[in-house]
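Residue numbers (my numbering), protein chains in the order written: chain A, 375 to 514; chain B, 45 to 320; chain C, 173 to 401.
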Amino acid sequence: MNEGWTSVVFNNRDPVYLQVVRHFKEQIATGRLKAGQVIPSRRELGALLKINPNTAQKAYKEMEEQRLIITEGNSPSRITDEAEILRTIRSELIESAVEAFVVSVRRIDVPVDELLELVRTKYVEERSRTSQEEGGSSDD
Amino acid sequence: MNRYLKLVNMEIHRFRYILFSLMGITLLLQCGSLIWTLQRVVSAKEKGLTQAEVGFAIPKFLSFPWAIVNTKEWFILPILLSITVLVLYSIIIWYRDWFGRSTFIYRLLMLPSARWVLYVSKLTAILTFVFSMIAFQLVLLVGENMLFKTIVPAGMRTDSTFVEASTINPVLNTLLPKQFEQFIYSYGLGIIGVIVIFTAVLLERSYRRLGILYAIGYVVVCAAAILLPAILPALESSSSYWYPGEIYRIELAICLIVPVISCCLGFWLLRKKITV
Amino acid sequence: MIEVIDLHKRYRGRKVLNGVSFTAEKGQITCLIGINGAGKSTILKAIMGLTPVKSGLIRIDDAPVGPTMYEKVAFVPDHLTTPTGMKLSEGIQFMKDFYVNWNDARANELLKFFKLDRTERVGNLSKGTAAKYSLLLGLSQNTDYILMDEPFSGIDMFSREVIAEVFSTDLIEDRGVLLTTHEIDDMEHLIDQAVLLQNGSVQLAFDCEEMRTTEGKSVIDVMREVYTG
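Listed below in structure tokens is the structure:
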């Protein structure tokens, strides 16, 4: 389970705790983090990601507020089971990616259909390539 | 009290190799020179040679004090060496914590105990070294006397008292005075000297640029204060204004004031002015 | 918290500290940033009572500095302070003897974590290893605050990574950390508060995450503005 954590690179212009939250969302959207899965504690997370314990704390708080994670009493925190939220995450990420894409191609004069065709081709290409790379398993 | 003892122990531990070396050198040089001197005289006597023939003195009877005198400087050399080393170390004991690859003074100043304990522990260490060397010399003299009796056949020697042996040489006499009072005076003065040196070192370490001037100045002022009553009679133009008894009491007072002020100054410097 | 109020200090005719004021909270990592000679080390030494100041006030948890504070604040200097002839274990024993707050279990943990050989002599350590050892001596005290002077400078990259890891662990958590550096580099995401020093005074002090949230600037961005603007 630990590989997904150490590969996070932080940029220094966006608040680190929000970057951590985004990383969680990505892990959820890509299926690396499953619903109801237990996540590392605040301290463990700090050590894994090599961030300040306060930042880990802030990230947790934010995720709890967004109901991304649930902490019941003294048991370790878990990813939410609520399908609603999980769906929202997925669409959030897709939407922000789409927005970034649209912003970057907006200036170029190309008809929508051509654009969609390009996207479809590229997407299929990437999907088949990455599924080959990951071989058999995507669960850890 | 506990921390004080730990610090003293640490200071002694750091110096142990030098201390043992000094003892070793003293042992070797004194015994060695004694053996050499005695053996040549004894063999000369046994062969019936005269002074003119061998070029060194051949008394009728040998005594231990005579032997000490005739080893000339070899007997005294290690004592002078030890004194020099200990005087220098009363300065180095501070500076070694500042210089070198590691600055131990940081650790010492950050100990959770009052800083004057550092001063007192170093002072105690120096005094311990001095008195252990003296004790060593005493034991050594006893041992050397036995050595003397072993080398010189009974027919050639006369007995002597311990005091005769220890007073025969001026250096030895100062080191091991006959009278207790003299002991207090000599060593009291020595202790005052170490205290003044300590405070001078702390002055230098507290005021970087001018520090060395303050330090030297302080030593000069203290030395002058202590010498003043002693030379007062010589300075008087008219016939002595002060009674000897009064001069004695003034001297005593100064010898109490100087170390007390030095200690207080030293403690204050350590607390408020010292800088790494 | 550690409060530094209007410190002034002259050294060799120069005004090293010209009215320095800032606070370092417990539970936060505060970083003093400034070029070499800006007075960062001097500030830490002044807080630790290792050098006098001409004027100004230093308070630790609302109490002035004194010998009892050494059980509350640990200092990790930028160079060796243990006699070179001592073995690592002897250095630890020294600390254990004098400090009530010494945590021997943690010292042993850190020996393993930093991969240090307790029988080695302090004088034989490389710069990176010596830095780790100094850090060990500071962290093994159960103090509320820990001050570090240039913990990363002049140290090889790998030692630096290991040392940086310490900041993410519970060794630091709940403590107030005050460190100095002249290059913030890849350490930005580890600190909570940045205090920028220039010309002997504090030019700017800010919370890093806030700066990122409200102005989208990294610490380096702010540094560039302050130091070259």
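Backbone N, C-alpha and C define an ideal beta-carbon position, used for all residues, glycine too.
As the structure is a prediction and not an experimental result, all values here were calculated from the model.
Provide the residue span of the alpha helix (DSSP H) that contains Glu118 (chain C), from first to last. Lying outside 173 to 401, the shown extent of chain C, residue 118 (chain C) is not represented and no answer is given.
I believe Gln74 (chain B) touches Phe119 (chain B) by the beta-carbon criterion, under 8 Å. Please report the beta-carbon distance rounded to the nearest angstrom. 5 Å
Start and end residues, beta strand (DSSP E) containing Arg231 (chain C): 227-232
Residues in the segment 332-343 of chain C with C-beta within 7 Å of chain A's C-beta atoms, listed in sequence order? Ala336, Glu337, Phe339, Ser340, Thr341, Asp342
Would a C-beta distance cut-off of 8 Å place Phe192 (chain B) and Ala111 (chain B) closer than the cut-off? yes
Tell me the DSSP secondary structure of Ser146 (chain B) in three-state form. coil
Could you pull out every unbroken beta strand (DSSP E) segment of at least 3 residues lying fully inside the segment 196-227 of chain C, listed in chain order? 201-205
Neighbour flag for Thr319 (chain B) against chain C, beta carbons, 8 Å: yes
Residue burial classification, Cys266 (chain B) (beta-carbon count within 10 angstroms, cutoff 16): buried
Please state the DSSP three-state secondary structure of Leu309 (chain B). helix
Contact the segment 213-220 of chain C vs the segment 259-269 of chain C: 3+ CB pairs below 8 Å: no
Can you tell me which of C:Leu229, C:Phe286, C:Lys389, C:Gly326 puts its alpha carbon nearest to the alpha carbon of Val338 (chain C)? C:Phe286
Determine the direct distance from the alpha carbon of Met329 (chain C) to that of Met375 (chain A), and round the result to whole angstroms. Caution applies to Met375 (chain A), whose pLDDT of 47 falls short of 50 and renders its modelled position unreliable; the value that the coordinates give is listed next. The alpha-carbon atoms of Met375 (chain A) and Met329 (chain C) are separated by roughly 27 Å.
Within 10 Å of its beta-carbon, does Glu491 (chain A) have 16 or more other beta-carbons around it, so buried, or fewer, so exposed? exposed
What residues in the segment 489-500 of chain A bring their beta carbon closer than 9 Å to a beta carbon of chain C? none
What do you get for Val479 (chain A), buried or exposed, if any count of 16 or more other CB atoms within 10 angstroms of its CB means buried? exposed
Does Ala88 (chain B) come out as helix, strand or coil in the three-state DSSP assignment? helix
Between the segment 178-190 of chain C and the segment 224-239 of chain C, are three or more C-beta pairs nearer than 8 Å? yes
So what does DSSP say about Phe59 (chain B), is it helix, strand or coil? helix
Per-residue contacts from Phe384 (chain A) into chain C (C-beta, under 9 Å): Glu360, His361
Min CB distance Arg396 (chain A) to chain C below 8 Å: no
Helix, strand or coil at Trp160 (chain B) [DSSP, three-state]: helix
Measuring CA to CA, which of B:Gln226, B:Ile239, B:Glu97, B:Thr94 is closest to Leu162 (chain B)? B:Ile239
Segments of 4+ residues assigned as alpha helix (DSSP H) that fall wholly inside the segment 296-380 of chain C: 299-311, 329-338
Looking only at its chain, what residues have a beta carbon closer than 7 Å to the beta carbon of Arg452 (chain A), apart from the 5 residues adjacent to it on each side? Gly410, Gln411, Val412, Ile413, Ile443, Ile444
Using only alpha-carbon positions, find the residue among B:Met190, B:Gly199, B:Ala198, B:Met200 that is nearest to Phe206 (chain B). B:Met190
Can you confirm whether Asp269 (chain C), when its beta carbon is compared against all beta carbons of chain B, has any partner nearer than 8 Å? yes
Looking only at C-alpha atoms, which of B:Ile56, B:Leu233, B:Gly237, B:Val263 sits nearest to Leu247 (chain B)? B:Val263
Whole angstroms is fine: what's the gap from Gly447 (chain A)'s alpha carbon to Glu439 (chain A)'s? 16 Å
List the residues of chain C that Ala433 (chain A) touches, going by C-beta distances under 9 Å, in chain order. Under the 9 Å cutoff, chain C gives no residues; its nearest Cβ is about 10 Å from Ala433 (chain A).
With a cut-off of 8 Å on the beta carbons, I'd call Ser146 (chain B) and Thr195 (chain C) a contact; round off their distance for me. Going by Cβ atoms, the distance from Ser146 (chain B) to Thr195 (chain C) rounds to 32 Å, so no, they are not a contact pair.
Near Ser511 (chain A), which residues of its chain fall below 7 Å by C-beta distance, leaving aside the five closest residues on each side in sequence? Any answer about Ser511 (chain A) is weak, because its pLDDT of 48 lies below 50 and its placement is not dependable; what the coordinates show is given next. Taken in chain order, the list of residues that qualify is empty.
Would you check whether the ligand ATP has a heavy atom nearer than 7 Å to the C-beta of Val225 (chain C)? With respect to the ligand ATP, the structure offers nothing, as it holds no ligand at all.
Check whether the Cβ atoms of Cys380 (chain C) and Ile392 (chain C) lie closer than 8 Å to each other. no
Taking Ile453 (chain A) as the query, report the chain C residues whose CB atoms sit under 8 Å from its CB, ordered along the chain. Simply none; closest approach about 22 Å.
How would you list, in chain order, the residues of chain B whose beta-carbon sits under 9 Å from the beta-carbon of Leu222 (chain C)? Ile149, Tyr150, Leu153, Met154, Ile318, Thr319, Val320
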